[in-house]
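Asker: Sending over a structure as structure tokens; questions will come in a sec.
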Amino acid sequence: LALKKAGLNPGDINILNAHATATQLGDIQECKAIRDVFGEEETVWINNTKSFIGHTMGAAGTLELAGNLPAFEDGLVHQTLNLDEIDPDCYLRNIVCDQPKQLDRVDFIMNNSFGMFGINSVLIVKRYKN
């Protein structure tokens with residue numbers, strides 16, 4: 008829905024910050040949704056800022072997006088820390104583990120934030136063009 012409202016295609020997104028709270032059911036459902044939307048898209052790189060800062064509850068979406076905004080300038084997709092084993096049900100093609108991933112250019116960042124009682128948001132931010 009966020010892609011449609013933004014007039015974008017899955018291949019337009021460069022970075023997807025997953026909500027990824029390390030809950031078995033939640034992570035499996037999010038990964039399934041990401042696979043359903045992005046398939047085997049090679050242009051989207053997936054990370055998680057919670058691995059650096061923890062789950063900041065109501066501030067999580069804002070802080071996780073802030074953690075990825077520097078990529079508009081330097082093209083660096085930060086890694087997901089402490090991701091040693093991936094459940095086969097959570098397999099995604101381009102999860103950034105261990106080391107940051109350098110991209111030539113970042114134009115769109117998507118940030119997933121899912122809360123209790125169905126309070127969810129998906130935010131897409133576009134590179135500012137002067």
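Residue numbers (this note's numbering): 8 to 137.
Note that beta-carbon positions come from the ideal geometry of N, C-alpha and C, so glycine has one too.
Distance cutoff 8 Å, beta carbons only. Does C38 sit that close to anything in chain C?
Answerer: The displayed structure is made up of one protein chain only, and chain C is not part of it.
Asker: Would S128 pass as a contact of G68 if the rule is Cβ separation under 8 Å?
Answerer: Yes. Within cutoff.
Asker: Report yes if the CB atom of V132 is closer than 8 Å to the CB atom of K108, and no otherwise.
Answerer: No, the Cβ-Cβ distance between V132 and K108 is not below 8 Å.
Asker: Hey, out of Q36, T50, I126, whose CA is closest to D139's CA?
Answerer: Since the first residue shown for the chain is 8 and the last is 137, residue 139 is missing from the structure and cannot be characterised.
Asker: Report buried or exposed for K57, applying the criterion of at least 16 other Cβ atoms within 10 angstroms of its Cβ.
Answerer: That one is buried.
Asker: Are I102 and N21 closer than 8 Å when you measure CB to CB?
Answerer: The answer is no: Cβ separation not under 8 Å.
Asker: Is the beta carbon of A27 closer than 8 Å to that of E37?
Answerer: Yes, Cβ-Cβ distance for E37 and A27 is below 8 Å.
Asker: Looking only at its chain, what residues have a beta carbon closer than 7 Å to the beta carbon of H62, apart from the 5 residues adjacent to it on each side?
Answerer: Excluding sequence neighbours, H62 sits near T28.
Asker: For the beta strand (DSSP E) that K133 lies in, which residues bound it at each end?
Answerer: Residues 127 to 133.
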